[in-house]
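K.L.:
One structure follows; several queries about it will come next.
Residue numbers (the UniProt record's numbering): 1 to 456.
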């Protein structure tokens, strides 16, 4: 069964599609739903999907931005677009980003949608068959030469590249092509090496099955190559044993620890801490997908803390060619963060202390938090901390804490079936009645009323 995720900010549209369309007739099942691109990315972090059916116009993160980010993180994920746009340019942009089909919302009747599902199902299954059959002939063949050459895509944007109609290139998987030495023309290879591709020679493969070598090359492309590639490189050569040594991976616990370290933002204003964090991240040899998860998390955390006071928002590139580009992007964030010291009359140390306090609130809102304790943790007196916090954040410590708790409560109300008492406890309130009063004062409605209107 093909697994489908539906992404649309209109709850009625989502529920209607799930309930009324003939998914099973096309060997499909809906495994999840989301109201915007951010929720969709969170879902994809924990669940697998083959197809995302998404709206283009959504709050927080549009369908176009979702496609742009998710096609990098999940190269084999397919997208189809729901749109109300009459402007074909917008649809074309979605198709250029990777969408494989689209349907107008005004045509969302059973007949039109069935045609869409049939087209998508046929295309996805054809793609799977082509990928498996193209390399299948070579899979169990034994290498009779000591060295083979492979063309490697450096970017996911090029991962469909030269396999299209060029017989000298045999696709062995997304982004990797076996170079058929008997038919490959030197000029053809050179043409690709002038772009975003790399020629990889793998040595000492005599007697190995091609399938083993192909899988080794794919793992190299997805991990070590990203760290080792330099922009001037056109050709690299490794023994198969060297490539196998580069395949060690980190545990889920190690990945979580790395991610939390970067989200702490301790590296923003400390050069030594920054270089140490970079070295640790580079040596971890995370997959490119894992690195991009950390990059997107840093983007979100930075914008949450800094975009409002700096009147500036950062946007992570949809793809990175190599590790050096990630280093450059993180250094650029540090330079932007340094602007804080010139925006307020306080020293950089004081300003950063207030932002550390904000991050503590955002991470520890479920606990009993008091301004004097937070002031102590950032090495400030209570009165001076309160003065600085209000001027820099535009509200008092208590108001900011309440705002964070209410926003988190909204997420729980919309996305979980937790009881109101449980949500109160999860957001730092021991008493449900007091939680109800705070929530109503902030939103104009009771938590139960909010849940009825916004439950996903």
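Glycine is no exception: its CB is placed at the ideal position from the N, C-alpha and C atoms.
Pairing CB atoms from the segment 26-37 with CB atoms from the segment 276-284, are three or more of them under 8 Å?
P.N.:
no
K.L.:
Tell me, please, which residues DSSP counts as bridged to residue 102.
P.N.:
81
K.L.:
Checking 7 Å against the spacing of the C-beta atoms, do residue 409 and residue 378 come in under that value?
P.N.:
no
K.L.:
With distance defined between alpha-carbon atoms, name the residue in 149, 236, 221 and 254 nearest to residue 205.
P.N.:
Among 149, 236, 221 and 254, the Cα nearest to that of residue 205 belongs to 149.
K.L.:
Just tell me which of 243, 235, 32 and 296 has its CA closest to the CA of residue 262.
P.N.:
The candidate whose alpha carbon is nearest that of residue 262 is 296.
K.L.:
When you compare the CB positions of residue 299 and residue 307, do they come within less than 7 Å of one another, or not?
P.N.:
no
K.L.:
Pick out whichever of 113, 80, 396 and 411 has its Cα sitting closest to the Cα of residue 460.
P.N.:
The requested residue 460 does not occur in the structure, where the chain is confined to residues 1 to 456.
K.L.:
Give me, in chain order, the residues of the same chain whose beta-carbon lies closer than 8 Å to that of residue 365; leave out the 5 immediate sequence neighbours on both sides.
P.N.:
If you ignore the 5 residues before and after residue 365, its C-beta comes within less than 8 Å of the C-beta of 401, 404, 405, 408, 427 and 428, all in its own chain and listed in chain order.
K.L.:
Using alpha carbons as the reference points, say which of 42, 89 and 95 lies closest to residue 68.
P.N.:
Each of 42, 89 and 95 was checked against the Cα of residue 68, and the nearest Cα belongs to 95.
K.L.:
Can you give me the start and stop residues for the beta strand (DSSP E) that residue 33 sits inside?
P.N.:
28-34
K.L.:
Quick check on residue 254: does DSSP put it in helix, strand or coil?
P.N.:
helix
K.L.:
Can you check whether the CB of residue 223 is closer than 7 Å to the CB of residue 147?
P.N.:
Judged by beta-carbon spacing, residue 223 lies beyond the 7 Å limit of residue 147, meaning their Cβ atoms are not closer than that value.
K.L.:
Buried or exposed: where does residue 116 fall if 16 or more other Cβ atoms within 10 Å of its Cβ makes it buried?
P.N.:
buried
K.L.:
Exposed or buried, which one is residue 164 when buried takes at least 16 other CB atoms within 10 Å?
P.N.:
Only weak support exists for where residue 164 lies, its pLDDT of 44 falling under 50; the coordinates are left without a value.
K.L.:
My output table needs one value for residue 54: the three-state DSSP class, helix, strand or coil.
P.N.:
strand
K.L.:
Of the residues 2, 100, 66 and 203, which one's Cα is nearest the Cα of residue 23?
P.N.:
2
K.L.:
For residue 466, name the three-state secondary structure that DSSP assigns.
P.N.:
Here the chain has residues from 1 to 456 only, and residue 466 is not among them.
K.L.:
Between which two residues does the beta strand (DSSP E) holding residue 147 run?
P.N.:
147-153
K.L.:
Taking all protein chains shown into account, decide if residue 12 is buried (16 or more other Cβ within 10 angstroms of its Cβ) or exposed.
P.N.:
Residue environment: residue 12 is assigned as exposed (fewer than 16 neighbouring CB atoms within 10 Å of its CB, all protein chains considered).
K.L.:
By the 10 Å Cβ neighbour count, where 16 or more other Cβ atoms means buried, how is residue 102 classified, buried or exposed?
P.N.:
buried
K.L.:
Run the CB neighbour count on residue 122, radius 10 Å, all protein chains shown included, and call it buried at 16 or more, exposed below.
P.N.:
Its Cβ having fewer than 16 others within 10 Å, residue 122 is exposed.
K.L.:
Could you check what DSSP says for residue 367 in three-state terms: helix, strand or coil?
P.N.:
coil
K.L.:
Among residues of its own chain, excluding the 5 on either side of residue 450, which ones have a beta-carbon nearer than 7 Å to its beta-carbon?
P.N.:
410, 413 and 443
K.L.:
For residue 3, list the residues DSSP reports as bridge partners.
P.N.:
29
K.L.:
Please classify residue 238 as buried or exposed, where buried requires at least 16 other C-beta atoms within 10 Å of its C-beta.
P.N.:
buried
K.L.:
Whole alpha helix (DSSP H) runs in the segment 283-313 with 4 or more residues, listed along the chain?
P.N.:
Runs of the alpha helix (DSSP H) inside the segment 283-313: 288-302.
K.L.:
What distance in whole Å lies between the Cβ atoms of residue 220 and residue 243, which are believed to be in contact at a cut-off of 8 Å?
P.N.:
The C-beta distance from residue 243 to residue 220 rounds to 5 Å, short enough to fall under 8 Å.
K.L.:
Anyone know if the C-beta pair for residue 52 and residue 30 falls short of 7 Å?
P.N.:
no
K.L.:
Rounded to the nearest angstrom, what separates residue 44 and residue 383 at their Cα positions?
P.N.:
45 Å
K.L.:
Pick out whichever of 276, 20, 398 and 32 has its Cα sitting closest to the Cα of residue 327.
P.N.:
276
K.L.:
So residue 56 and residue 81 are supposed to be a Cβ contact under 8 Å. How far apart are they, rounded?
P.N.:
6 Å
K.L.:
Just checking my contact of residue 7 with residue 63 at CB under 8 Å: how many whole Å lie between their CB atoms?
P.N.:
Correct: roughly 7 Å between the Cβ atoms.
K.L.:
Start and end of the alpha helix (DSSP H) containing residue 238?
P.N.:
No alpha helix (DSSP H) holds residue 238; the beta strand (DSSP E) holding it covers 235-239.
K.L.:
Can you tell which of 393, 335, 381 and 336 has its C-alpha closest to the C-alpha of residue 361?
P.N.:
393
K.L.:
Which of the three DSSP states, helix, strand or coil, is assigned to residue 197?
P.N.:
strand
K.L.:
Can you tell me where the alpha helix (DSSP H) holding residue 424 begins and where it ends?
P.N.:
420-426
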